[in-house]
Amino acid sequence: MSPDLERNLQRIDELSRRLVAALSARRQVPQALQGPSPELYANAAQAWMQEWLTNPARLIGQQVEYWADTVKHYAEAQQAFLQGGMKAPEDPGPKDRRFANPLWDSHPWFNFLKQQYLRNAAAVTDAVQTVDGLDPRERKRLEYFADQIVNMMSPANFLGSNPDALEKAVATGGQSLVDGLENFVRDLEENEGELIVTLADRDAFVVGQNLATTPGSVVWRNRLFELIQYAPATDTVHEIPLVIFPPWINKFYILDLKPQNSLIRWLVGQGHTVFVVSWRNPGPELSDVTMSTYVEEGFLAAIDEVRAICGVRKVNAVGYCVAGTTLALTLGLLKKRRRSPVNSATFFTALTDFADPGELGVFLDNDFVDAIEAEVREKGVLDRFYMTRTFSYLRSNDLVYRPAIRSYMLGEPPPAFDLLYWNGDGTNLPARMAVEYLRLLYQQNLLATKGFPVADKVVKLADVTVPLFAVACQTDHIAGWQSALAGVRQMGSGDKTFVLSQSGHIAGIVNPPAREKYDHYTNADLSLAADDWLAGAERHRGSWWPRWHAWLAPRSGRMVPARTPGDSTHSVLAPAPGSYVVARPGS
Numbered sequence: 048m049s050p051d052l053e054r055n056l057q058r059i060d061e062l063s064r065r066l067v068a069a070l071s072a073r074r075q076v077p078q079a080l081q082g083p084s085p086e087l088y089a090n091a092a093q094a095w096m097q098e099w100l101t102n103p104a105r106l107i108g109q110q111v112e113y114w115a116d117t118v119k120h121y122a123e124a125q126q127a128f129l130q131g132g133m134k135a136p137e138d139p140g141p142k143d144r145r146f147a148n149p150l151w152d153s154h155p156w157f158n159f160l161k162q163q164y165l166r167n168a169a170a171v172t173d174a175v176q177t178v179d180g181l182d183p184r185e186r187k188r189l190e191y192f193a194d195q196i197v198n199m200m201s202p203a204n205f206l207g208s209n210p211d212a213l214e215k216a217v218a219t220g221g222q223s224l225v226d227g228l229e230n231f232v233r234d235l236e237e238n239e240g241e242l243i244v245t246l247a248d249r250d251a252f253v254v255g256q257n258l259a260t261t262p263g264s265v266v267w268r269n270r271l272f273e274l275i276q277y278a279p280a281t282d283t284v285h286e287i288p289l290v291i292f293p294p295w296i297n298k299f300y301i302l303d304l305k306p307q308n309s310l311i312r313w314l315v316g317q318g319h320t321v322f323v324v325s326w327r328n329p330g331p332e333l334s335d336v337t338m339s340t341y342v343e344e345g346f347l348a349a350i351d352e353v354r355a356i357c358g359v360r361k362v363n364a365v366g367y368c369v370a371g372t373t374l375a376l377t378l379g380l381l382k383k384r385r386r387s388p389v390n391s392a393t394f395f396t397a398l399t400d401f402a403d404p405g406e407l408g409v410f411l412d413n414d415f416v417d418a419i420e421a422e423v424r425e426k427g428v429l430d431r432f433y434m435t436r437t438f439s440y441l442r443s444n445d446l447v448y449r450p451a452i453r454s455y456m457l458g459e460p461p462p463a464f465d466l467l468y469w470n471g472d473g474t475n476l477p478a479r480m481a482v483e484y485l486r487l488l489y490q491q492n493l494l495a496t497k498g499f500p501v502a503d504k505v506v507k508l509a510d511v512t513v514p515l516f517a518v519a520c521q522t523d524h525i526a527g528w529q530s531a532l533a534g535v536r537q538m539g540s541g542d543k544t545f546v547l548s549q550s551g552h553i554a555g556i557v558n559p560p561a562r563e564k565y566d567h568y569t570n571a572d573l574s575l576a577a578d579d580w581l582a583g584a585e586r587h588r589g590s591w592w593p594r595w596h597a598w599l600a601p602r603s604g605r606m607v608p609a610r611t612p613g614d615s616t617h618s619v620l621a622p623a624p625g626s627y628v629v630a631r632p633g634s
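So, in structure tokens, the structure goes:
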């Protein structure tokens, strides 16, 4: 027996024991959070039966067309094989990234699998789309979950029908499969027996060493957040400071990854005194924290501390994603309380009108939300596991299956990619806040309709009256730009700017000017419907960052001597990025 074979057999034996141990300690995920309720499929079946009774010709036609196409495909494949040896029939496409290996086109077996899979996928899609009698919301959910099944069944996802994996297994003498098994077991162990694919090399980055390195200091903290003030990079700065509120469903350093793509570093270089809120990753001790708590102990506390440190009456505020939603609540509350400490507000990919919650809406019916409410009532938090899994399956081919193939079938290590590392560094959500957010905003859309209860007031979008700048992203699958525009349109401000960036929820925001990668669109007429707004918009080359700064600078006051972090009553507590960003929940 060769030394390599002996070593691999020992590894397989060890990995098998670890695999059994990981699966035996698997976390107990409620069945109701594993998929939609049976009612969805029952309603779909009922609608299909009704269609069969009222319009059987259409359903029979679909079946006949599918079977005829399948038999024709089989006959053509057989004929090509018999006449041309190992030759696939003509493949008209279209091209699909999952089938990039040339063998998918040239080898008769792999080509047959690919083409038949695409035919099956089209048949399922057509069948779902043509069933009448479903509520539009149910239809959207059915289409989504049917698509998930179709994606999962791709022949590229199985070792025996993936030419890349088979070629590498042969080339490496099976070493790639052993390495893949180790990657598989590692991911199970790190997620309590549940499978979440590691997207980035966890050893390649350390927050504070090669991520989140813009110089600064923690100058204040409470139970919800640490307040970071960044050191100046210019001799003079704008008088009115800028405070950034990132979403608490992720870590703040998405805005301070590497120096070349750090929005925070860029803003400091433009002469702004920049503060960032670093939210605490909550454990059960914060289970009673609500949206109102985040407004009063989070947003209002940070605004007041920044004003005190800089000795100013007003600040400029930024809210990203859920923090943009909460910034709107904060501004509405301030309006009702007749306070005006915010000079201007900027919203990054923020939903404030949830009438159309986009792709995330498939997880927001009562079947899932009821189960989430029961889970957080027991645990005190919504564990980051659920958020990670949900957002991954919104882009399952890119964030689940393709990384799984690379890691488990090809045995490759995950890439050293800063953005994907951040994506895997998730956070929990406090129990009461999570339920409020899902029930009152996503399901009932109170902020854009009857009004959302915040502290001692009820606020609406019309109560947001400060000058505002909003950025949405064209392919955002979390906060659709059309819905973001609808929310901005309802805000009461007389000074509104709306910018649409190319790309998605993250890449459209983290888009430094030097890269010249994604363009952006502007149109001053916000009364237009979304499609008309875009049709009449002007396209601008490159990043929206300089356009935002051109808007922000006149609203940031005169230039004053640069400020060092803290003041006589706010001593430096720790260097940036602080302790909350790296602390484990509950610490």
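Just so you know, this note's numbering puts 231 at position 184 of the sequence shown, and the rest follows in order with no gaps.
We put the CB at the ideal spot given by N, CA and C, even for glycine.
Excluding sequence positions up to five before and after LEU488, its CB lies within less than 6 Å of the CB of PHE401, all in the same chain and listed in chain order. Under the three-state reduction of DSSP, MET456 is assigned to helix.
The shortest CA-to-CA distance from ARG605 to any of ARG384, GLY318, ALA349 and GLY408 is the one to GLY318.
By the Cβ test, the segment 317 to 332 is in contact with the segment 286 to 300, since at least three Cβ pairs between them sit closer than 8 Å. In this chain, LYS361 is not harboured by any alpha helix (DSSP H), its DSSP state being neither H nor E. About 6 Å separates the beta carbon of LEU429 from that of ILE419, a gap short enough to meet the 8 Å contact definition. For CYS520, the uninterrupted beta strand (DSSP E) segment begins and ends at 515 to 520. Going by beta carbons, HIS552 and TRP591 fall outside the 8 Å limit.
For GLY555, no pairing in a beta bridge is given by DSSP. Between the C-alpha atoms of SER443 and ARG354 there is a straight-line separation of about 44 Å. If you ignore the 5 residues before and after ARG588, its C-beta comes within less than 6 Å of the C-beta of ASP566, all in its own chain and listed in chain order.
When Cβ pairs closer than 8 Å are counted between the two stretches, the segment 462 to 479 is seen to touch the segment 243 to 262, the count reaching three or more. Per the coordinates, the alpha-carbon of HIS154 lies some 18 Å from the alpha-carbon of LYS119. By the CB criterion at 8 Å, VAL225 and ASP234 fall outside the cutoff. Taking 4 residues as the shortest admissible run, the segment 561 to 610 contains the following complete alpha helix (DSSP H) segments, listed from N- to C-terminal end: 577 to 582 and 592 to 599. The segment 342 to 392 contains, as complete alpha helix (DSSP H) runs of 4+ residues, the segments 348 to 357 and 369 to 383 (chain order). Rounded to whole angstroms, MET200 and LEU66 show a C-alpha spacing of 24 Å.
The continuous stretches of beta strand (DSSP E) do not include GLN78, and DSSP gives it neither H nor E. Note on geometry: alpha-carbon atoms of PRO183 and THR372 lie some 26 Å from one another. For PRO500, the enclosing beta strand (DSSP E) starts and ends at 499 to 501. Between VAL362 and PRO388 a beta carbon distance of about 7 Å is seen, short of the 8 Å cut, so the two are scored as contacting. In the DSSP annotation of this structure, the continuous segment of the beta strand (DSSP E) that includes TRP267 starts and ends at 263 to 268. Rounded to the nearest angstrom, the gap between the Cα atoms of ALA576 and GLY458 is 49 Å. Nearest Cα to VAL369 within the set ILE350, THR399 and LEU378: THR399.
In this structure, TYR627 places its C-beta atom within 8 Å of the C-beta atom of ARG327. Contact annotation, ILE556 with PHE395: C-beta distance approximately 5 Å; criterion of less than 8 Å satisfied. Between ALA203 and PHE146, the gap from beta carbon to beta carbon is short of 8 Å. Following the DSSP letters along the chain, one finds GLN276 inside the beta strand (DSSP E) bounded by residues 272 to 277. A straight line joining the alpha-carbon of LYS382 with that of SER548 spans about 30 Å.
With contacts defined as CB atoms closer than 8 Å, ASP403 and SER530 qualify as a contacting pair. When DSSP states are grouped into helix, strand and coil, LEU508 belongs to the helix group. Cα atoms of SER309 and GLU343: separation of roughly 28 Å, rounded to the nearest angstrom. Here LEU70 is exposed, its C-beta having fewer than 16 other C-beta atoms within 10 Å. Segment contact: the segment 209 to 224 against the segment 183 to 196, fewer than three CB-CB distances shorter than 8 Å; contact not assigned. A direct Cα-to-Cα measurement between VAL629 and PRO279 gives close to 24 Å.
When C-alpha distances from TYR113 are compared across ARG562, ARG268 and VAL171, the shortest belongs to VAL171.
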